[in-house]
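Quick note on our numbering: the sequence shown kicks off at 4 and runs consecutively. By construction, the Cβ of each residue, glycine as well, lies at the ideal position given by its N, Cα and C atoms.
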Amino acid sequence: MNESEVLDDFKIEIERAKTIADELLPNLFGNITREEVFDFIIDWIRLADKTESAEINTPEKYDLAMAMLLLSAADAAHKKGKLAIFQLSGAMFCLGGSRRTLESNIKLSEQAKRNALKRHAENHAIKADALKYYSENIDKFKSKDSAAEAIAGNVVPASFRAVRKWLTEYDKKQRSAGTE
C-alpha cells in the first residue's frame, strides 16, 4: 500500500468519524454541533503541539481526535443516563482495529516487495548483464533483432523474445532521457 492509498484511507476514516459524530452528538450533547466538538479537539491538539495552528492531518492526530470525541460522548451519555457506552467502546475498538489493520497491511506489502526482489534477483542480474553488453556493443549491431539474437543464449541465458523486449525498453528509456 503506497502513501496515497494510506491518505485515501485516512480521508475515508475522517468522513466516517464525521458520520459517527453527526449521529451521536444530537443525542448526547443536545444542541452542540460536530464543528464545535472538532474545533474543541483541534484547540486541544494545538495546545498539545504548542503551535498556532493545528489540523487533524495525520493518522495519529485523527486517532487522538476520535478518542477524545468518543470519550466525551461516553461521558455525556453516562451523565444523561444513557447506556451508549457499549456502542462507543465498540466504535473505539473498530477505530483502533482499522488503524492496526492499515499499519499491518503496509508492513505486509513492504515485506512482500522485499521478498519479490530477493526471489527475482537472479533475473534482474541477467537483465542487467544483457543491457550492459548491449550498451557497450550497440554499434556492432544493425538492429535490435540482431542484437537480441547475439545476446540471447550466448551472453545471457534468456530467450530472444525476452532480450528483445529488454532492449526495446532500454532504448525507450535512453530516448526519453535524451542520452541517444
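When the beta-carbon positions are compared, ALA150 and LEU170 come within less than 7 Å of each other. Proximity to GLU139 across TYR173, GLY181, THR22, SER179 peaks at TYR173, based on C-alpha coordinates.
LYS143: not part of any alpha helix (DSSP H); DSSP gives it neither H nor E.
Burial is judged here by how many other beta carbons sit within 10 angstroms of a residue's own beta carbon; ALA133 has at least 16 and is buried. Looking at the DSSP output, VAL159 bridges to ALA155. Rounded to the nearest whole angstrom, the C-alpha separation of GLN114 and ASP142 is 42 Å. Taking C-beta atoms under 8 Å as the contact rule, ILE129 and ALA155 fail to qualify, at a distance of about 11 Å.
For HIS127, the enclosing alpha helix (DSSP H) covers residues 124-139.
Taking the Cα positions, ASN126 is about 50 Å away from THR22.
Annotation: ALA165 to VAL159 spans about 11 Å, alpha carbon to alpha carbon.
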